[in-house]
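Working notes, beginning with the structure itself.
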DNA sequence: TACTGGCGTATGGTATGCCATGTGCCAAGT
DNA sequence: ACTTGGCACATGGCATACCATACGCCAGTA
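Chains as they are written, first to last, in my numbering: chain A, 23 to 264; chain B, 23 to 264.
What follows is the structure, given as structure tokens:
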């Protein structure tokens with residue numbers, strides 16, 4: 023099975039000198055997948071102050087606007103429904119779900135649990151080179167550099183946390199946190215400018231890297247957990263949602 | 023909105039003396055939902071030694087056997103695909119996914135991370151009565167009673183862990199672990215009879231309850247984590263999958 | 001004015017048929 | 001005997017039409 027594919031790949035390798043660049047040809051994405059991506063990014067980027075009317079979707083209207091039939095669109099919506107981004111109610115409508123503050127707090131809690139476990143695993147599974155790579159995410163913002171580059175810091179911040187999660191080498195932890203990514207990034211972006219949180223964040227990160235490189239499993243886990251739970255407490259106290 | 027529904031409920035309450043028992047009438051489940059449930063339980067209960075031919079599903083055949091059209095069946099299959107229970111390949115077929123040992127280990131790891139976080143939360147969120155309720159899951163098996171009731175123990179074991187997770191009062195942790203439930207239960211059932219694990223499990227559980235009731239957050243978290251990671255190590259070493 | 005009942009419309013659910021493409025069979029050629 | 005080309009069939013993707021029900025409008029009644 024798959025012989026023809028193998029031949030094709032072999033041919034490509036052996037012809038590495040030519041300009042021939044075989045590629046997937048078709049964009050490869052099904053209408054369902056494209057509709058899913060479009061809807062997901064639209065929902066994610068939606069203004070949080072949208073009116074109730076904007077929180078409602080219509081299958082026929084959307085299928086017409088995407089230029090596809092209802093069938094693949096419905097499959098995309100069903101997937102978003104399962105992920106909790108929308109809620110489909112029979113014969114009533116499809117509603118974009120507003121995240122409650124409690125749900126945001128739960129997401130941060132789960133993130134704390136999983137990233138701290140990943141940190142624990144990283145002290146055992148990650149190589150010295152991999153751990154050293156973590157410095158790249160924080161060194162650029164050390165000391166005085168932070169103030170000048172605050173704009174970049176928020177993204178570098180979340181990437182640092184994702185990098186730790188990756189070094190845990192647990193695919194399921196990566197998968198679950200990826201699902202929470204958009205929400206957690208949004209809340210980190212929103213809070214990073216408050217109360218000197220960025221500077222304190224950097225200090226925490228350096229301590230975390232030190233613990234990881236010292237292979238201090240318990241300390242690495244604890245520092246990561248406390249770091250993220252502090253974010254949780256901050257959101258709980260000072261951020262106004264709903 | 024929903025006025026008629028409210029009237030109905032009020033009527034039911036005020037007529038609480040009569041034999042009239044209004045109920046949902048229709049089973050309420052869509053064909054998609056019913057197909058989903060049927061397929062999920064069928065896959066979960068499938069013999070792990072199924073032949074390759076049995077690992078393949080056919081939309082038309084299944085829709086005929088369920089007595090429904092392909093559309094709701096496809097939606098059910100798409101959901102199972104997203105959950106990772108099956109893999110749908112365009113114009114190739116639908117294949118039941120065999121879990122690799124690495125995936126099982128990842129699930130146990132995530133369970134450990136989330137249950138230990140739940141235990142941490144439970145020391146702060148759960149009432150004394152709620153924590154006392156945990157005894158019900160283990161007292162029946164204390165001491166000599168265990169040997170006589172091994173058959174029941176496996177289920178009581180997993181229910182104990184779910185109870186702790188519930189007391190963390192974090193809906194998302196409950197939701198994620200529910201998704202892992204079937205797999206983790208299966209592996210616990212498979213290993214509980216080995217190497218006196220049941221008896222040691224009981225001891226662990228009693229210590230965990232003690233730590234929770236003492237509101238010792240760090241200890242409760244650690245005991246739960248270590249308890250589940252021991253299961254992970256046991257599976258890693260002694261259980262033969264794939 | 002307030003309530004009721006029925007009917008039309010909107011909307012998600014379901015059934016069905018066609019389409020594009022991957023696979024395997026089989027015959028023809030070497 | 002082995003390769004090759006093409007055809008038939010299998011199979012998931014997609015389009016379309018119809019169905020059942022929730023909601024709202026509106027006339028009719030007291």
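The beta-carbon is built from N, C-alpha and C at its ideal position, and this holds for glycine as well. These numbers were taken from a predicted model, which means no experiment stands behind them.
- Straight-line spacing of the CA atoms in residue 82/A and residue 103/B works out to 25 Å.
- Excluding five sequence positions before and after residue 149/B, none of the CB atoms of its chain fall closer than 7 Å to its own CB.
- Neighbourhood of residue 195/A in chain B, by CB distance below 9 Å: 128, 131, 132, 135, in chain order.
- Inside the region 80-129 of chain B, DSSP marks whole beta strand (DSSP E) runs of 3 or more residues at positions 108-111, 115-118, from first to last along the chain.
- Residue 195/A and residue 139/A do touch by the CB rule: their CB atoms are close to 7 Å apart, below 8 Å.
- The Cβ-Cβ distance between residue 241/A and residue 134/A does not fall below 8 Å.
- Among the residues of chain B, those whose CB is under 7 Å from the CB of residue 97/A are 97, 100, following chain order.
- When the alpha-carbon of residue 172/A is set against those of 188/A, 213/A, 153/A, the nearest one is in 213/A.
- Going by C-alpha positions, residue 119/B is about 13 Å away from residue 67/B.
- Boundaries of the alpha helix (DSSP H) around residue 151/B: 150-154.
- Per DSSP, the unbroken alpha helix (DSSP H) holding residue 179/A starts and ends at 172-189.
- In the structure shown, residue 207/A falls within a helical segment according to DSSP collapsed to helix, strand and coil.
- Using a Cβ-Cβ cut-off of 8 Å, residue 52/B counts as an interface residue toward chain A, since at least one Cβ of chain A sits closer than that to its own.
- Under the three-state reduction of DSSP output, residue 244/B falls in the helix class.
- For residue 224/A, the enclosing alpha helix (DSSP H) covers residues 219-235.
- The Cβ atoms of residue 191/B and residue 147/B sit closer than 8 Å to each other.
- Annotation: the continuous alpha helix (DSSP H) that includes residue 59/A extends over 53-66.
- Cβ contact annotation for residue 227/A (same chain, cutoff 7 Å, sequence separation greater than five): 160, 182, in chain order.
- In the DSSP assignment, residue 160/B falls within the unbroken alpha helix (DSSP H) covering 158-161.
- Taking a 10 Å sphere around the C-beta of residue 100/A, we find 16 or more other C-beta atoms and assign the residue as buried.
- Ranked by Cα distance from residue 185/B, the options 211/B, 208/B, 210/B, 154/B are led by 154/B.
- Scanning its chain for C-beta atoms nearer than 8 Å, with the 5 sequence neighbours on each side dropped, one finds around residue 80/A the residues 115, 116, in chain order.
- The beta carbon of residue 229/A is closer than 6 Å to those of 245 in its chain, skipping five residues each way along the sequence.
- Around residue 250/A, the same chain offers 130, 133, 134, 137 as residues with beta carbons nearer than 7 Å, after the five sequence neighbours per side are excluded.
- Listed as beta-bridge partners of residue 78/B by DSSP are 117/B.
- Taken atom to atom, the span from the alpha-carbon of residue 239/A to that of residue 220/B is near 28 Å.
- Rounded to whole angstroms, the separation of the alpha carbons of residue 179/B and residue 259/B is 21 Å.
- The beta carbon of residue 261/B is closer than 6 Å to none in its chain, skipping five residues each way along the sequence.
- Taking 8 Å as the cut-off, the Cβ atoms of residue 85/B and residue 95/B count as close.
- Contacts with chain B at 8 Å (Cβ-Cβ) do not include residue 184/A.
- Take the alpha-carbon of residue 121/B and the one of residue 65/A: they are about 33 Å apart.
- Residue 210/A counts as buried, since at least 16 other C-beta atoms from the protein chains shown sit within 10 angstroms of its C-beta.
- With a threshold of 8 Å between beta carbons, residue 66/B makes no contact with chain A.
- Cβ atoms of residue 263/B and residue 123/B come within 8 Å of each other, at about 4 Å.
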